[in-house]
Structure formats: structure tokens, C-alpha cells
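**Q** Below are the C-alpha cells for one structure; questions will follow.
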Amino acid sequence: MSKGVQSWVLMVVILALTACNTTGGTRPEYVAPDPKAAEINMRLGLNYMQRGDYAIALEKLQKALKQNPNLPSAHNTIALLHQRLGEDDKAEAHFLEAVERAPEYSEAQNNFGVFLCQQGRYQDAETRFLKAVENPLYNSKAMALENAGLCVNRIPDTEKAESYFRKALQIQPTLTKSLLQMATISYEQQSYLQARAYIQRYQQASSWTPQSLFLAIKTENKLNDQDAVSSYSLILRSRFPDSDEMQMVNQGLIDS
């Protein structure tokens, strides 16, 4: 090779190396479109998020979206991460991306509904929950209906909430939140026998909480079953002695 050709080749190599560096001397990251790699990074991001490693989760999810900006599951997952980080604007933007790219993506619709309900946007949230239920292949319809009931109950719209809880329980009879909410609604409607029935179903499906025990105590008091009142009060005292509910029982505040 002649001296002139060698010099030309050397110049090309130098120019190529120079082009790979920014002004600051760091090499910019280029991520080629790769749907399979995007799916892997999305799953990694989800795993890291579930472990609480949010910084690494964010890195993996951002990489997934660079590799495949059209991946709804990556938008849904990073939206959940931004929600946990309190970055509501970013969370909403990615939830919208997820459901607009895949309207039948019921999990994202449900997650978006929960997010909107937490923002106090109850009607928008209800719409998302119902969108989730529209998909005949969605396996968590009962959960979406329960979420719809919990959300509209905040308005409050007790009649609509009751309808959603009943529909949820028709699909999954052991949904604890729906059972407890139906017991509460029945109590407020002075349907005390019905409230007792829901409490008994709740007891079979879940562990006692101070709130559920206090509702049981109030219900049995209305039904004049003082043995049941004493029994539930004993459980409350032994398991949750420092709870607010125990204090209310001690003060005789069970007639409300």
C-alpha cells in the first residue's frame, strides 16, 4: 500500500472515531428497533419495579420503549412506575398511550381507572373500568367491577356502587372488598339480616380486620344478639386492642 493511500485510510478511521463521540466525549446510546428485546426489557422493568428497584426499572422500561415505542405493556408498566413515583402527568400520558394503542388491553384500562379514581376523576375512571369489562377474554372482570363500585361509592352513588358490587360477586363470590361493602350498604339501609349474611361470607373468605369486626359488632347489636356482640368484641380486643374501633366499643359507640 502506498504512503498516500495509508494516510487516506488513517484519516477515514480518525473521522469515524470522531463521529462516534459527542462534544462532551461520551458515546450516545443508539438502540435499534427490536420487539423481542423490548418485551424482555419490559419484563425486567416490571420485576425490578416489584422489587422496589425503581431506578433500574425505569432504565429498563425506557429502553424497552426505545426498542418498541408501540408496546402497550411497556407503556402500562412505566405508567404504573411513574404513578408510584408521584409523577402523575407522566403516568397519565403513558396510560393513554397504552389504551389508545390497544383499546382491548383490559389490564391497562383497569389500571388507568384506578389512577383516575385516585385523582378524584370518578366518572372518567368508571368509563375505563367498563372498557376493561367489555373484553370477553379478560379474566379479571370481577376485580374491574369491584373497582368501579369502590370508585362510584366515593361520589357517593350508593345505588350504582351496589349494582357493581353485586355483579362482581356474581362472577367471584369471595371478593372480600365487595362483600364488606355490601355488608356496609345493607347496614346503612337497615337491612341487618342481609348485612349479617354478607359479614358471614366475608368471614369465610378473609381474615378479620378492625373495620370488619366493628361492623359485625354494630350489626349484631342492631339484631339484639348480645352473645354475638360479646364474641366479636372479644376477638377485636384480643387481635386489635389498640385500634380506634376497640376504643369506640369501649366507649359504647356501636349504635351509629
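Residues -21 to -1, 1 to 235 (mature numbering (1 follows the signal peptide of the UniProt record, and there is no 0)) are what the sequence shown spells out, left to right.
Cβ atoms here follow ideal geometry from the backbone N, Cα and C, with glycine treated the same way.
A quick note: this is a predicted structure, and the numbers were derived from the prediction, not measured.
Return the first residue and the last residue of the alpha helix (DSSP H) that residue 149 is part of.
**A** Start and end: 137 to 150.
**Q** For the candidate residues 38, 176, 72 and 70, whose alpha-carbon lies nearest to that of residue 199?
**A** With distances taken between Cα atoms, residue 199 lies closest to 176.
**Q** Within a Cβ cutoff of 7 Å, which residues of the same chain sit near residue 76, ignoring the five residues on either side of it in sequence?
**A** Only 54 meet the Cβ criterion.
**Q** Determine the contact status of residue 127 and residue 109, defining contact as a CB-CB distance below 8 Å.
**A** Taking 8 Å as the Cβ cut-off, residue 127 and residue 109 qualify as a contacting pair.
**Q** For the segment 58 to 96, list the alpha helix (DSSP H) runs that are entirely contained and at least 4 residues long, ordered along the chain.
**A** Whole alpha helix (DSSP H) segments, 4+ residues: 67 to 80.
**Q** Name the two residues that bound the continuous alpha helix (DSSP H) containing residue 193.
**A** Start and end: 189 to 201.
**Q** In three-state terms, what does DSSP make of residue -1?
**A** Unreliable placement is indicated for residue -1, whose pLDDT of 37 sits below 50; the coordinate value is still reported in the next sentence. Coil.
**Q** Can you check which of these residues, 216, 116, 188 and 235, is closest to residue 166 by C-alpha distance?
**A** For residue 166, the nearest C-alpha among the options comes from 235.
**Q** For residue 39, which residues of its own chain have a beta-carbon under 8 Å away from its beta-carbon, when the five flanking residues on both sides are left out?
**A** These residues qualify, in order along the chain: 20, 21, 23, 24 and 27.
**Q** With a cut-off of 8 Å, do at least 3 Cβ pairs link the segment 156 to 173 to the segment 133 to 144?
**A** Flag = yes, the segment 156 to 173 and the segment 133 to 144 touch.
**Q** Buried or exposed for residue 31, going by 16 or more other Cβ atoms inside 10 Å?
**A** Counting Cβ neighbours within 10 Å, residue 31 comes out exposed, since fewer than 16 surround it.
**Q** Work out the CA separation of residue 36 and residue 169 for me, nearest whole Å.
**A** Each residue's alpha carbon lies about 49 Å from the other.
**Q** Using a Cβ-Cβ cut-off of 7 Å (strictly less than) and excluding sequence neighbours within five positions of residue 69, which residues of its own chain qualify?
**A** Excluding sequence neighbours, residue 69 sits near 61.
**Q** In three-state terms, what does DSSP make of residue 153?
**A** In the structure shown, residue 153 sits in coil (DSSP, three-state: anything other than H, G, I, E or B).
**Q** Is DSSP giving residue 51 helix, strand or coil here?
**A** Correct three-state label for residue 51: helix.
**Q** Indicate whether residue 105 and residue 78 have their beta-carbon atoms separated by less than 8 Å.
**A** Cβ atoms of residue 105 and residue 78: not closer than 8 Å.
**Q** Does DSSP put residue 128 in a helix, a strand or coil?
**A** Reduced to three states, the DSSP call for residue 128 is helix.
**Q** Out of 146, 190 and 171, which one is the CA nearest neighbour of residue 159?
**A** With distances taken between Cα atoms, residue 159 lies closest to 190.
**Q** Look at the Cβ atom of residue 196, then the Cβ atom of residue 185, and state whether they are nearer than 8 Å.
**A** No. Outside cutoff.
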